[in-house]
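Engineer: Have a look at the structure that comes next, please.
Numbering (my numbering), first residue to last: 147 to 383.
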């Protein structure tokens, strides 16, 4: 087991995250306007959501990866509510499908209610920070995955992918604990990782024989690290 006093720090990046405002090219579609009228918002200030805007999205490029902020919600809750994050070991990031680099404070409380989460993300994408005034809890700090890498400065960047090298999660945890590490988890419904993600990582790792949802993959890796760090044992004085 690794001492809890170790200097270990892990960046968890929700990569190619399906999180964006309604794009201008579909803002006048009836499905978009219907949602905007019901919510009393401008179309361009709302999150794109496939469950509401399916027909509007049909002609959007790369539409199979877009319009799923619920996936980002699940992944963020899993990361932020984990013992690993509560103990201060995790720096969460979001890298969106549109190229935004977002930093999330590890002690932020993301709403468990999905509608409140949507409002929070709409505020973030409108003002580039939450809250709009004062110290930011979540902020857009740049564009491109390179911005995320330069912000955290990892020694190792691992992508969780079913196409990667098969590795037991406990073995992966041992590898991550040896250096300042970054783990990238897909936060989109279908399709492949972007070229920007693939060219940035040092290696791709598969932790299970079948495709896992992003929040499940993140959970498995964090549980392995929590075990290795002995977070479930008695507190050391």
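Using N, Cα and C, we set each Cβ at its ideal position, and we do this for glycine too.
Taking the alpha helix (DSSP H) that residue 269 belongs to, which residues open and close that run?
Structural biologist: Looking at the DSSP string, the run of the alpha helix (DSSP H) that includes residue 269 is 260 to 273.
Engineer: Taking the Cβ atom as the reference point for each residue, do residue 291 and residue 342 lie within a distance shorter than 8 Å?
Structural biologist: It is a contact, given that the beta carbons lie within the stated cut-off.
Engineer: Starting from residue 200, follow the beta strand (DSSP E) in both directions and report where the run begins and ends.
Structural biologist: Taken as a continuous stretch (DSSP letters only), residue 200 belongs to no beta strand (DSSP E), being part of the alpha helix (DSSP H) at 196 to 203.
Engineer: Within its chain, find whatever has a CB closer than 7 Å to the CB of residue 254; leave out the 5 residues flanking it on each side and keep chain order.
Structural biologist: 226, 283, 284, listed in sequence order.
Engineer: For the alpha helix (DSSP H) containing residue 238, list its first residue and its last residue.
Structural biologist: Unbroken run through residue 238 is the beta strand (DSSP E), 236 to 242; no alpha helix (DSSP H).
Engineer: Kindly indicate which residue of 276, 169, 190 has the alpha-carbon position closest to the one of residue 243.
Structural biologist: Measuring from the Cα of residue 243, the nearest candidate turns out to be 169.
Engineer: Could you give the DSSP three-state label for residue 384: helix, strand or coil?
Structural biologist: Look at the range of the chain in this structure, 147 to 383, and you will see that residue 384 is not part of it.
Engineer: Could you give the uninterrupted runs of the alpha helix (DSSP H) lying entirely in the region 303 to 341, keeping only those of 4 residues or more?
Structural biologist: Within the region 303 to 341, the complete alpha helix (DSSP H) runs of at least 4 residues are 315 to 323.
Engineer: Sort 213, 300, 295 by Cα distance to residue 264 and report the nearest one.
Structural biologist: Closest by alpha carbon: 213.
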